[in-house]
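Protein chains in written order, with the numbering used here: chain Z, 41 to 680; chain U, 41 to 680.
Following this line, the structure appears as C-alpha cells:
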C-alpha cells in the first residue's frame, strides 16, 4: 500500500496514511478530533476541513456551499488522500487538546494477524479416483463390484473397499455405459484402535470427472453461516460465501433455538432452515468459482454444540438441562442427501467434534486452527461471542470453559447495541474538553446503533476522560448535555437523532454499562480461573489469540482498559479471524488434522465454571473497571 | 424304532419292518411284488393280501367286501404292521419270481446321512448386550452416545463401536425412559486385511430384552424357501418352516425369472415376492417357537446367484449374457427393513457369497456345511437340481462347475414329471414276468405324476429287465400293453387313468428318456471333467456327498445303474439334506464360519464347462445307460 503524509494544522501533527484512505479515518488514527456526528455518511456536514496543500479525491459533498468548496473545504468523511497533504482543522480555535502522540498511535492498535498453519500434504477424508477397469471376459468374469474393488487395489493401492447395496446397484449400468471408465468416490473411514483406513465407496459414476475435486468447509454460527469451496488438488480456497443463519427467525440465541426445537416439528423446521442457508452458500460458491456441483466430495461443518445438533437433527433438549449432556459429539460420516443438502449423491458430511454442551466443534476447530495443541507456548485462546468460550494451555495440557458472558459484546442486550454490520458505530474519539464524540460507522452509513468494538472504545475513553467512574457510573458534573438523565438512569448521548439514521438519540445507559461489566467480568474471571487451575499466572502467558472477525477490529488498549483482555505486552496478542471456519478448512485438506480435532476434543478438559467456587469470587472482583485489584492492570492509567 | 418280522408266503421271504410301517412299504423293502396301481391311496383295491398270522392295524378298506375282510384280507397300502405277522400274497400263483434276496436288500439302499459339523463356540455376526450405563452427572456429562460407547468398552470389552445418525437419534429418549438400562444390538463388521472387528450399533432399545437372542438361517431356493429360527444362546434350532417361492408365479426357473426381472417393475416385483414369502416364514417360525420378533438379531440367506440378486434387488441382466457376470458376490450387511423384511429395526441381513453366475451362495453354503474345505478326503459334492452344481476337491483345492443338467430330475420337462410332492410316484417295483408296476406315491395320494427318485428307480429297473435298452429305446416285443406306441414314440404306462388321480394314463416316453439321458450325462461328464482337471480318478474319490432332500431318497444302486452317480462302493456315499440351509445355520452361529464361506467362495475355482472342449466329448460318451464305456460301471449288470 502506498503511503502519504498528512499534516494536521494548527496542531502540527503528521500522520502516515494509506493512499485512498478517508481523511476521517486518518484523523482517527492520529487522535485528531474532528466533529463527525453522522458516522461518516456525509449527512451532517460537520466534518469540514480545509486542504491547505496537496489534493484529495472528493466524493459526495452536497453539504458544502460552493464558496467553501472554492477555498479548499472538503468533508473529511468524503475525501480520499491522494498524496502528501496539509489539512487545517477549523475547530482548533476552541483550544481543544490533541491526544498525546504516543497514545494516539495506539488508538487503533489491534492485534497482529496469526500466520495460518500450513498443510504439508493434501490427504483428505474422501478420495476421488479416475479409474479404468478391464471389461469382463469369459476368462475373467468376476462380479462387477469385485472388479471395481480389485482395480482400486491393484491399480490404485486402495483397500479394503466396502460399499452399501445402494451404491453397488448403480455399478452394472454405469460401468457398461462408460465402457468401464469410471470415477469412484470414497469416504475414508478410520476407527479408533485400528491403524488401517477403510474405504467406503460412495458412488461410481460414468466416465472421468473433469476439473479438480472440491470440498466445503462450513462454519455454522448461531448468527451467521460461512462457507468455503476448496480445491482438493491445490488446497486453495476457490470461493467464499456467507449468509445469516435463517434459524434467526426462530430465535436469536442458542437457548431460544432449543426452546423452539422442543415445539412440535420445531427440530425438523430448524434443521431444514439451516440446510436451506447452507444450500444457498453452496450455490453461491459454485457460481463464484465456476466449479460443477458434481465435483464436491464432502463437507466439514464446525459449529457450537447446539448448532451441530440442530444441523444433524439431534434433539437438543438435554443440552440446556443440568448436567448439560449432548446427544453425541463424535459422529461418523453422514450422507449429505439425508440431511437435505444439495450435494452430489456421493457427498457426505462430517461435523467437527465438540467437547461439551457449551464448548462445541467451533471451538475445537479453532484450537485446531490456532495450533496451540502443537505448541510449547502457553496460550490463551478467546472467542468473545455469546457464550465467551476460552481455551488455555499448550501441547501438554488444554483446558476449556464457557463463560456465559452473554451477548453484550455482540451488541445484544444493550438499548442501542447492534451487530457489526453497516451503520454500526465502530470507532469513536471523544474530545477531551468538550466531551463531544467523533464517530465512524461501518460502511459510513448513517448511525443505527453501536457494535462491540465501538462499545469497548467508548467505555475506555470515557474512563480515561473520567466521564465514567471505575464503578460504571457517570459523572454528572461535567457541564455537557451529552451526559443526561434518561429512562434507565444516566446515559451518554453518542449520536443525536438529527445526525443518526433511526430518528432518535443513540445512547449508552448505566444499565447497558452494567451488562458490559458483567460480560467482561465473566470473561476475565473465566480465564483467570482456568489459568489458576493449571497453575499459570496471567503474566506468564506467551500468547493471547483472539477469535472472530471482532478480533481484527478490537483496540487492544481499550479492551485492556475496560478489563476485558489481560494487561500484557501488546505484541503477545494475535487475531485469527473465523478460526472455526479455518479449522474446518484445515481438516478438509488433511484427514490427520480431522483426527487431531477428534483427539483435541477428547483431551480438552472442560471446566463447568458454574460448578466452580473460585469463579464466582473472581467474577465479583472483576465487576469494576478495569478490576478491583488495579495492580492486575499496571498499564491502565485512568487519570487523576 | 421297534422292529417286527413280516413273513411273505408262498415265497417264504421274511423282511424286518418297523412297527407302524405300511405293509406295502415292507413289501417294497423286501422286493415282494404286490399289485398296487393307485400308489397306495386305497383307491384301486388291487393290493389285497391275507393276514395268515398276527394282526395289523386296518386303515381305510372300503374297497374290500365284508366276506374278504372276514377271512383276513387287508389292503397292503392300508394296513400298519403291529407285530410279527405272516402275509399271503394271492398273485403268487401266477408263478412270478421273487427278486433275489441280496438284490432286494439293496432295492431301497440310500446313502447314509452325514454327521453335522459342530460349532465349537457360538460367536455370531451380531451381538446383543444387556447393558447398564451410569446416568449423567455434573462430574460426568459426556454425551449420550459416547456414554454408550464407553460402557460397552469398559463393561463389555466391546470396541471400537460406531453408529449411524439414525441410531444415535434414538438414544437420548430411550436411555432416559429406561433409566440407562438398555439393550444394545451390534453388527460385527470385519474388513479384509484388518484383524480387529468393528461393532456397528444397530439399535439401543429400552430395558433389557427378555429371552434368548435369535437369528434366522434362510435358504432361498428357486422353488422353495426354507427358514430356521436359531437360539443364539444354545445354538438350537427353535423352529423351521418352508414355503414355495412366490416368484414361481413369474417363472419356474432362473432364466424365466431373469426375463421377468428385465420387464418394467419386474425386478421390484420379484424382490417383493420373495420377501413376502420370507416374511411368512418368519411369522411361522415365531409362532411355532413362541419367540418374540424383537429378539431376531440378523438373518443369513443362502441362495443361488440369481435368487440372491433378486432378493437384494440387484439387476440380474448380465447373469445370463456371456461372460455371465454377477453384480456382486461379497456384500456388506444390509439393514433388513430396507429389503422389506419384517424384522426388528436392528435386524440386518447377510447373504452367502457366491462364486459365479451359476455357482451361487447356496453351493458355497453347502461346501461350508459339508466340511470338504477342511478335510483331507477327496470329495465329490453334487447338488442335482436344475443346474446340477458340482464341487470336487479337499482342503488343498476346490473346483466347481455348473452342469446345466436341466430340471429332469426335478420332474421338469417330462410329460408327466412333477416335483417331489404329495401324489408323486416315488417308488416303483416292476414285476419281472408281467412287467406290471407296483407303485407308491408320496403321502399315498392318488398318483399325479412321477418325481425324480421314481424316474431313477423305474429306468434302472426297466434297464435290468431289458424293457429298455442302453440306448434309451423301448423293446416292443415283450407282449405287454404297458409298452405301447404313443404321441411321442414308444412309451411305458406307469399308471392307468383308472388308477391315477389325473384322469389319463401316466406314461414315460422316449422323449422323456432322452431328456433324462442328457441330464445324467451332463452331471456325469461335469464331475468327470472336474476330476480330470485336478488329476484325480473317479475311483480315487473318498466320498460322494449328495445335497438336497432328494439325496436322502435316492436309491444308490438305481442311480448308479442309470449312470448318474459314479460306480463306487456304496458306503462312500453320504447325503446331507438341505446343505445350503445347514451352511447358513453354521454361519449364523459362528462368524468365523461366515468368513470361511467368504474365503471358500474366493478360493473355489469355477470352471465354465461350456468353454471346455473335453466336456462335450465326455457328454456325448455319457448319452447311454449307464455309459458307452461299460467298464466305468463294473457293478452294473443289465442282464443278458
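For each residue, glycine too, the CB sits at the ideal point set by N, CA and C.
Work out the CA separation of residue j and residue i for me, nearest whole Å.
i, j, result
"residue 268 (chain U)", "residue 331 (chain U)", "12 Å"
"residue 130 (chain U)", "residue 530 (chain U)", "32 Å"
"residue 581 (chain U)", "residue 594 (chain U)", "20 Å"
"residue 20 (chain Z)", "residue 234 (chain U)", "Examination of residue 20 (chain Z) is not possible in this model, given that chain Z is present from 41 through 680 alone."
"residue 678 (chain U)", "residue 505 (chain U)", "8 Å"
"residue 367 (chain U)", "residue 417 (chain U)", "34 Å"
"residue 444 (chain U)", "residue 560 (chain U)", "10 Å"
"residue 77 (chain U)", "residue 477 (chain U)", "7 Å"
"residue 345 (chain Z)", "residue 220 (chain Z)", "44 Å"
"residue 555 (chain U)", "residue 428 (chain U)", "14 Å"
"residue 132 (chain U)", "residue 495 (chain U)", "Note on residue 132 (chain U): pLDDT 45, under 50, position unreliable in the model; no value is reported."
"residue 625 (chain U)", "residue 164 (chain U)", "10 Å"
Should residue i be flagged as near chain C, meaning a C-beta pair shorter than 7 Å?
i, result
"residue 311 (chain U)", "Within the model displayed, chain C is absent; protein chains Z and U are what it includes."
Can you name, in chain order, every residue of its own chain whose Cβ lies under 7 Å from the Cβ of residue i, other than the five neighbours on each side?
i, result
"residue 302 (chain Z)", "357"
"residue 674 (chain U)", "607"
"residue 497 (chain Z)", "467, 468, 595 and 598"
"residue 549 (chain U)", "455, 526, 528, 529 and 531"
Spatial neighbours of residue i within its chain, please: C-beta separation below 8 Å, excluding the five flanking residues on both sides.
i, result
"residue 381 (chain U)", "315, 318, 319, 322, 339, 387 and 389"
"residue 230 (chain Z)", "237, 238, 631 and 635"
"residue 483 (chain Z)", "462 and 463"
"residue 112 (chain Z)", "90, 91 and 92"
"residue 282 (chain U)", "264, 265, 266, 267 and 321"
Check each candidate in the options and name the one with the smallest Cα separation from residue i.
i, options, result
"residue 84 (chain U)", "U:623, U:417, U:668 and U:540", "U:540"
"residue 430 (chain U)", "U:312, U:486, U:311 and U:568", "U:568"
"residue 583 (chain U)", "U:535, U:419, U:629 and U:200", "U:419"
"residue 393 (chain U)", "Z:182, Z:110 and Z:221", "Z:182"
"residue 214 (chain U)", "U:646, U:199 and U:244", "U:244"
"residue 218 (chain U)", "U:192, U:246, U:194 and U:193", "U:246"
"residue 275 (chain U)", "U:507, U:547, U:629 and U:646", "U:629"
"residue 166 (chain U)", "U:110, U:355, U:75 and U:271", "U:271"
"residue 153 (chain Z)", "Z:616, Z:523 and Z:522", "Z:616"
"residue 207 (chain Z)", "Z:385, Z:648 and Z:459", "Z:385"
"residue 188 (chain Z)", "U:437, U:398 and U:365", "U:365"
What do you reckon, are the CB atoms on residue i and residue j nearer than 7 Å?
i, j, result
"residue 122 (chain U)", "residue 93 (chain U)", "no"
"residue 465 (chain U)", "residue 481 (chain U)", "yes"
"residue 552 (chain U)", "residue 651 (chain U)", "no"
"residue 470 (chain Z)", "residue 501 (chain Z)", "yes"
"residue 337 (chain Z)", "residue 253 (chain Z)", "yes"
"residue 173 (chain Z)", "residue 191 (chain Z)", "yes"
"residue 410 (chain U)", "residue 619 (chain U)", "yes"
"residue 347 (chain Z)", "residue 260 (chain Z)", "yes"
"residue 682 (chain U)", "residue 74 (chain U)", "This structure leaves residue 682 (chain U) out entirely; chain U is present only between 41 and 680."
"residue 251 (chain Z)", "residue 342 (chain Z)", "no"
"residue 249 (chain Z)", "residue 223 (chain Z)", "yes"
"residue 82 (chain Z)", "residue 64 (chain Z)", "no"
Might you give, ordered along the chain, the residues of its own chain that have their beta carbon closer than 6 Å to the beta carbon of residue i, omitting 5 neighbours on each side?
i, result
"residue 146 (chain U)", "Unreliable positioning characterises residue 146 (chain U) in this predicted model, as indicated by a pLDDT of 49, which lies under 50. A coordinate reading is not provided."
"residue 536 (chain Z)", "545"
"residue 135 (chain Z)", "Unreliable placement is indicated for residue 135 (chain Z), whose pLDDT of 41 sits below 50; no coordinate value is reported for it."
"residue 313 (chain U)", "286 and 287"
With 7 Å as the limit, tell me which residues of the stretch 224 to 243 of chain Z have their beta carbon closer than that to any beta carbon of chain U; keep them in chain order.
231, 232, 233, 234, 236 and 238
Taking a Cβ distance cut-off of 9 Å, strictly less, list which residues of the stretch 100 to 132 of chain Z are near chain U, in chain order.
none
Where the stretch 644 to 665 of chain U meets chain Z: residues whose CB sits under 7 Å from a CB there:
648 and 651
Closer than 8 Å, Cβ to any Cβ of chain Z: which residues of the stretch 296 to 323 of chain U, in chain order?
none
Given a limit of 7 Å on CB to CB distance, which residues of the stretch 615 to 647 of chain Z reach chain U?
none
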